[in-house]
């Protein structure tokens, strides 16, 4: 599958990444390569086979509804680039 | 305002997405508390904040609650369930994705029966109910260049209830919401508080010409914090769309926010320009399977639902539909009524007592049924005493009832004794009072005998007053008529 520049830009936007023109070409080729490689899987007949959604074969790993240890307010905010006494602060987002 | 004539050319089509916060102690994938109203960023953990290397673990109770809601709505319960990641960037979403159910919603189909003002019944079909985690809360302060983020709410379990576009008016939307709230409260899976945001609703609104085969372009309306505002927002949005179409303009598929002050909607910038959530299965959580046995256990533990109780109250207790409606409004009131009915056969009286004195006391004192001081057994005693003519309803409700509120431990018969309010059915005691009244109002007696029969009420009032309310009204009435004839 050939990835075009438009698709690269769309995916870059969704991932909040920026590329210059040259890097754009490189990533375009890499993505095409990756997809071509994965496409080999199409050679296998998967009729009647359920998609694998998890690498483990476990099911029903639940926990009971108990309150456990919390992260302290101070530790939680510790690595925030910007904060005040109570909140994480981020550049203004308009809804 | 659009002319009714123009409005009538269009059909309004609405679908609702209702988010209900589940009443668990801990979050859906982490052990931090879900308690509302705590200091900002205190109900947090490394999982909630989306730190690298953390792994979610599913809270079992969340699954049970969602299945209960599904059973209550007649949904099919998905046996094999996975979670999916919904990817988008927003500061209140620490991981950059929300864990939700896209491919395998835990409940499919089903419906919400509603009853409209004109008595028409209709069932609004459900598309699905699925599990997901709530996001944090961001606060945009006026004039500030920064947004404040609180992650206490992040990871609180939600069910999202999605209806089919079956709703045809804002009144129907209101009725659906009322039923959903009633159900989650009966099931005790959500407190149904829209002001605190534990129940939230978005509406997809479109309009089409009557008889059209295809739906119009839909607009998603957000930010309604009460049922009433959902109704207002739908009315306004439908009208706005009709006006645009009438002018020959196209409807833009967009998200709009409702302004409760002006009652209007305004376009908002979308979260993700391209709106491409790139769902994929959540690899950090293993699938869960709902076995027959588990489903049976949950099913067996289901409480009576408002619809069932309504039927029972109408059929078994022979109550009018109106009474059944009022008494099933909350689980607590319905339970109180049923508890009275275990002690007395006078079902309609029990209903009258609850809808009358009990409800007005609750309203005046601002308490709920579960805090009501008089036990159902005690009230049943009083109801039986009224039925047995030991005390009149007027005296029972105006004198004995307030006394019992103060002395909830005292048997009703003893309270009546204590207050000296025992109804007097002895004709020898009532007759002299009647003679007294007739002697005091000779003029009125004459008028009555000349045909002014309406005066009977006045005489009755006088007799009752002179008996201090204790005379048996039935007997007094009979005697009075006899004396006057």
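Protein chains in written order, with the numbering used here: chain B, 32 to 126; chain Y, 382 to 866.
Where a beta carbon is used, it is the ideal one built from N, C-alpha and C, also for glycine.
Check each candidate in the options and name the one with the smallest Cα separation from residue i.
| i | options | result |
| --- | --- | --- |
| residue 803 of chain Y | Y:447, Y:781, Y:404 | Y:781 |
| residue 427 of chain Y | B:97, B:118, B:110 | B:110 |
| residue 808 of chain Y | Y:487, Y:861, Y:830, Y:499 | Y:861 |
| residue 445 of chain Y | Y:703, Y:730, Y:680, Y:691 | Y:680 |
| residue 87 of chain B | Y:593, Y:536, Y:666 | Y:666 |
| residue 661 of chain Y | B:83, B:117, B:113 | B:83 |
| residue 734 of chain Y | Y:760, Y:746, Y:552 | Y:760 |
| residue 776 of chain Y | Y:845, Y:757, Y:814, Y:758 | Y:845 |
| residue 670 of chain Y | Y:414, Y:439, Y:502 | Y:439 |
| residue 443 of chain Y | Y:558, Y:384, Y:455, Y:415 | Y:415 |
| residue 778 of chain Y | Y:558, Y:738, Y:797, Y:836 | Y:738 |
| residue 32 of chain B | B:105, B:45, B:66 | B:66 |
Helix, strand or coil for residue i per DSSP?
| i | result |
| --- | --- |
| residue 47 of chain B | coil |
| residue 633 of chain Y | coil |
| residue 81 of chain B | coil |
| residue 797 of chain Y | helix |
| residue 594 of chain Y | coil |
| residue 647 of chain Y | strand |
| residue 699 of chain Y | coil |
| residue 382 of chain Y | coil |
| residue 402 of chain Y | strand |
| residue 493 of chain Y | strand |
| residue 122 of chain B | strand |
| residue 543 of chain Y | strand |
| residue 449 of chain Y | helix |
Residue i touches chain Y at which residues, Cβ-Cβ below 8 angstroms?
| i | result |
| --- | --- |
| residue 47 of chain B | 470 |
| residue 50 of chain B | Those within 8 angstroms of residue 50 of chain B in chain Y number zero; the least Cβ separation is about 17 angstroms. |
| residue 86 of chain B | 664 |
| residue 124 of chain B | 471, 472, 519, 521, 528 |
In chain B, which residues lie less than 9 angstroms from residue i when you measure between Cβ atoms?
| i | result |
| --- | --- |
| residue 329 of chain Y | Nothing can be reported for residue 329 of chain Y: it is not among the residues displayed for chain Y, which extend from 382 to 866. |
| residue 556 of chain Y | In chain order: nothing, as chain B lies at least about 29 angstroms away. |
Which same chain residues end up closer than 8 angstroms to residue i when comparing Cβ atoms and leaving out the 5 residues on each side of it in sequence?
| i | result |
| --- | --- |
| residue 625 of chain Y | 631, 632 |
| residue 598 of chain Y | 587, 631, 632, 633, 634 |
| residue 482 of chain Y | 462, 463, 464, 465, 511, 512, 513 |
| residue 770 of chain Y | 804, 806, 853, 855 |
| residue 436 of chain Y | 428, 665 |
| residue 622 of chain Y | 586, 587, 588, 597, 600, 632 |
| residue 792 of chain Y | 759, 762 |
Going by beta carbon distance, what residues of the same chain come within less than 6 angstroms of residue i, once the five residues before and after it are set aside?
| i | result |
| --- | --- |
| residue 534 of chain Y | 515, 517, 518 |
| residue 520 of chain Y | 529 |
| residue 399 of chain Y | 542, 561, 582 |
| residue 641 of chain Y | 610 |
| residue 126 of chain B | Reliability of the predicted coordinates at residue 126 of chain B is poor, the pLDDT of 49 falling under 50, and the value obtained from them is presented with this limitation in mind. Here the set comprises nothing. |
| residue 725 of chain Y | 761, 764, 765 |
| residue 691 of chain Y | 705, 709 |
| residue 63 of chain B | 33, 34 |
For a contact defined as C-beta to C-beta under 8 angstroms, what are the partners of residue i on chain B?
| i | result |
| --- | --- |
| residue 365 of chain Y | In this structure chain Y extends from 382 to 866, so residue 365 of chain Y is not present and cannot be described. |
Here's a check: name, in chain order, each residue in its chain whose Cβ is nearer than 7 angstroms to the Cβ of residue i, leaving out the five neighbours to either side.
| i | result |
| --- | --- |
| residue 562 of chain Y | 573, 580 |
| residue 812 of chain Y | 860 |
| residue 614 of chain Y | 584, 602, 605, 639, 646 |
| residue 652 of chain Y | Unreliable positioning characterises residue 652 of chain Y in this predicted model, as indicated by a pLDDT of 48, which lies under 50. The coordinate reading is nonetheless provided below. Here the set comprises 469, 471. |
| residue 755 of chain Y | 785, 786, 789 |
Find the residues of chain Y that neighbour residue i, judging by a C-beta separation of less than 9 angstroms, and give them in chain order.
| i | result |
| --- | --- |
| residue 75 of chain B | Within chain Y, no residue comes near residue 75 of chain B; the closest Cβ sits about 19 angstroms away, beyond 9 angstroms. |
| residue 92 of chain B | 438, 439, 666, 667, 669 |
Based on the DSSP secondary-structure assignment, which residues constitute the bridge partners of residue i?
| i | result |
| --- | --- |
| residue 466 of chain Y | Y:480, Y:661 |
| residue 605 of chain Y | Y:582 |
| residue 670 of chain Y | Y:461 |
| residue 396 of chain Y | Y:585 |
Interface residues of chain Y around residue i at Cβ under 7 angstroms?
| i | result |
| --- | --- |
| residue 89 of chain B | 667 |
| residue 72 of chain B | Within chain Y, no residue comes near residue 72 of chain B; the closest Cβ sits about 16 angstroms away, beyond 7 angstroms. |
Using a Cβ cut-off of 7 angstroms, pull out every chain B residue sitting near residue i, in sequence order please.
| i | result |
| --- | --- |
| residue 657 of chain Y | 45 |
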